[in-house]
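Residue numbers (numbering that gives the first Met the number 0), protein chains in the order written: chain W, 0 to 250; chain G, 0 to 253.
For every residue, glycine included, the Cβ atom is placed at its ideal position computed from N, Cα and C.
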Amino acid sequence: MVRGFYSAASALLAGLFRQELLSHNIANINLAGYKSLNTSMDEFEPKLLSRMPGVSMPGTVGVEVGQTSLGVAPIGTETYFAEGSLRDTKQPFDLAINGDGFFRISTPNGERFTRDGRFTRDENGNLATVDGYLLLGVDGQPVVVPQGETAIDADGVIRVDNQAGDQIALAAFANPVTDLQRDGANTFAALGEATASTAAIRQGMLEMSNVDASRTMAQMISVARAYEAAQRAVQLQDEMTGKAVNEIGRL
Amino acid sequence: MTTTALTALHVSVSAMLARQFEMDVISNNLANVNTTGYKPSRADFQELFVEGVPDNRSTTPYRGTGPGVTRRSTLPGALAPASSPLEMAIEGDGFFAVTQPDGTTAYTRDGRFLQDGANQLVTVTGQPVVWDGALPQEAEALHVNVDGTVMARANGQWTQVGAIAVFRFDNPGGLLAADDNLLVVSEASGDPAQGVGGQNGFGRIISGATENSAIDYAEEVTSMILAQRAYTMSIKAFQQTDEMMGMANRLRSG
């Protein structure tokens, strides 16, 4: 009977975990290039139940009665990499990637990857992210944009006053779900091999987050109901234990 | 990743604070729809995502959304005709420089200049424009050329009385807003470079015109609706986390 308590309690914890991730997705619903988080849940390893020795059925010790599950555990998060919709901002250093690919940026912790295209031309003429990290070019060095009328081609070549200059690099991964690890601040660290991407860069646009508002609200409702059910399950087990303790065997 | 009900609440709180700040920025843009030379700002937030649970004494949220930067657009506004030749606009890149009361220099694209009682060239709020020259006490006519040279006509003769320089920055979006529609240099903007209008990429000075506010009304209203919707969703998430905490509290009440 106590087993049931832990199964229900594990569902309560899992519910809270899912609720936090949904809240995190909502918090970043308007964030350019944001990729939503999903929870992956897994059952605890099912256990084989054996009959305990008892007086009513002598000789049945060790007879297996079947499997039981001990509840559910959040095993972590998974990033959903679907492309978000594009928003026209007209700002010259807002860049969106149309297709599979990531911007390569240089951070104090090493090279990171992002689809967040909110760049500014900083005081040194480099393109910098919101956090001030520099966008890398195909030569692996930060791109430099001289002052002037800037046009950025689909292949990443930066043209200032019609003079071709540095080329922005895009990296592609065979399977982003396994090749990339979330690293905070809308960036990913590479676990797998990065190859050159042939996706197109769109200047003056931003890729919006891929959080779907209606789906998220629906998921939140399902979290609430599952949580309620788990709470009832704990209470029922409590009542049953109460009866066993107080009523069975009352003289 | 470890979760507690409180961390889930913090995620929603960080989002609500972010959306409130975003609404402030949008409201400020909308309030300046008719401000000459105004450039709208945008609040850019950043994801906060830290695996694990921070130190107990930490008060900063570690998941959710956090402050990023506000940056000013550099898109031009439409030029509108003005009645005086001393009212001017910059077509292209650059700013006018103005001396503030404390002696420091500020920058603006609001070129509604006029001649004050002391024959100084000043802004609408009376702050002297940084330029090289002196306005004649009486002139039949004044004109400013695209390169910033100021011409005055006396007895039918045009003579140059000074020149207005144009200043530009590596990152004009990083200038900080000050009072009276002025901007001041910041670490992000870089230092100003002085140049001549219409040369080497510096914008041309257009006399007898002013630059309208560059705000895109539809864009601002769209951003406002998006911020409002996101705010509402975060409130819903907050309420639901709260209800879940309540349910956990009632576990034992039977």
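Sheet register partners of Y106(G) (DSSP bridge) | A96(G), L182(G)
Is DSSP giving P53(G) helix, strand or coil here?
-> Below a pLDDT of 50, predicted positions are generally treated as unreliable, and P53(G), at 49, falls in that range; no measurement from the model is reported.
Residue burial classification, P100(G) (beta-carbon count within 10 angstroms, cutoff 16) = So P100(G) ends up on the exposed side.
Check whether the Cβ atoms of E77(W) and V176(W) lie closer than 8 Å to each other.
-> yes
Identified DSSP bridge partners for N97(W) | A199(W)
Are the C-beta atoms of N29(W) and some chain G residue less than 8 Å apart?
-> yes
Mind checking if T240(G) is an interface residue toward chain W, Cβ cutoff 8 Å exclusive?
-> Chain W, which has a Cβ nearer than 8 Å to the Cβ of T240(G), makes this yes.
In three-state DSSP terms, what is S68(W)?
-> coil
Since V210(W) and G14(W) are thought to touch, with beta carbons under 8 Å apart, how far apart are those beta carbons, to the nearest angstrom?
-> The Cβ separation is near 20 Å, so there is no contact.
Considering only residues of the same chain and omitting the five flanking positions on each side of V233(W), which have a CB-CB separation below 8 Å?
-> F4, A7, A8, L11
For R224(W), the first and last residue of its enclosing beta strand (DSSP E) | Counting along the chain, R224(W) sits inside no beta strand (DSSP E); it lies in the alpha helix (DSSP H) bounded by residues 212-245.
Could you name the residues of the region 119-147 of chain W whose beta carbon sits closer than 8 Å to any beta carbon of chain G, in the order they occur along the chain?
-> T119, R120, D121, E122, N123, G124, V129, D130, Q146, G147
Cα-Cα separation between G32(W) and R114(W), rounded to whole angstroms | 5 Å
Are at least three pairs of beta-carbons, each pair with one atom in the region 213-231 of chain G and one in the region 61-77 of chain G, less than 8 Å apart?
-> yes
Can you tell me which of the three DSSP states P175(W) falls into?
-> helix
Looking at the C-beta of E227(W), does it have a partner C-beta in chain G at a distance below 8 Å?
-> Chain G, which has a Cβ nearer than 8 Å to the Cβ of E227(W), makes this yes.
Cβ-heavy atom distance, I167(W) to the ligand COA, below 7 Å = This structure lacks the ligand COA, and indeed carries no ligand of any kind.
Contact set between the region 3-26 of chain W and chain G, restricted to residues whose Cβ is under 8 Å from the partner = L11, L12, G14, L15, F16, Q18, E19, L21, S22, H23, I25, A26
Please work out which residues of its chain come closer than 6 Å, Cβ to Cβ, to T6(G), disregarding the five sequence neighbours upstream and downstream, and give them in chain order.
-> none
R167(G) and H23(W) closer than 8 Å at C-beta = no
So, is P257(W) buried or exposed, given that buried needs 16 or more other C-beta atoms within 10 angstroms?
-> Here chain W comprises residues numbered 0 to 250, so residue 257(W) is not present and cannot be evaluated.
Please name the residue in G102(G), H142(G), P135(G), T103(G) whose C-alpha comes closest to that of D115(G).
-> Among G102(G), H142(G), P135(G), T103(G), the Cα nearest to that of D115(G) is on P135(G).
Pick from L20(W), A153(W), Q166(W), G136(W) that is closest to N37(W), judged by C-alpha positions | L20(W)
With 8 Å as the threshold, decide whether the Cβ of Y33(W) is near any Cβ in chain A.
-> No chain A appears in the structure shown, which is made up of the protein chains W and G.
Where DSSP assigns a beta bridge to N275(W), which residues make up the other side?
-> Past the boundaries of the shown model lies residue 275(W); chain W is included only from 0 to 250, so the question cannot be answered.
Can you give me the Cβ contacts of G253(G) inside the same chain, cut-off strictly under 8 Å, excluding the 5 residues immediately before and after it?
-> The predicted position of G253(G) is uncertain, since its pLDDT is 48 and thus under 50; no value can be drawn from it.
Does the region 84-95 of chain G come close enough to the region 197-204 of chain G to have 3 or more Cβ pairs within less than 8 Å?
-> Touching, yes, given that three or more Cβ pairs across the two stretches are closer than 8 Å.
Residues sharing a beta bridge with N125(W), DSSP = V143(W)
With V220(G) as the anchor, note down where its alpha helix (DSSP H) starts and where it stops.
-> 216-248
Using a Cβ cut-off of 9 Å, which residues of the region 93-117 of chain W contact any Cβ in chain G, in chain order?
-> D115, R117
Along chain G, which residues have their Cβ under 7 Å away from the Cβ of R251(W)?
-> Lying before the first or after the last residue shown, residue 251(W) is absent from chain W, which here runs from 0 to 250.
Pair within 8 Å by beta-carbon distance, F118(W) and F92(W) = yes
S26(G): contacting residues in chain W (beta-carbon distance under 7 Å) = Within 7 Å Cβ-Cβ: nothing; S26(G) doesn't reach chain W, min ~16 Å.
Identify, in the order they occur along the chain, each residue of the same chain with its Cβ nearer than 7 Å to the Cβ of F112(G), setting aside the five sequence neighbours on each side.
-> L85, E86, M87, L120, V121, T122, V128
Could you check where the beta strand (DSSP E) with Q156(G) kicks off and where it finishes?
-> It spans 156-163 - the beta strand (DSSP E) in which Q156(G) sits, taken as one unbroken run.
Could you tell me which residues DSSP puts in a beta bridge with T149(W)?
-> V159(W)
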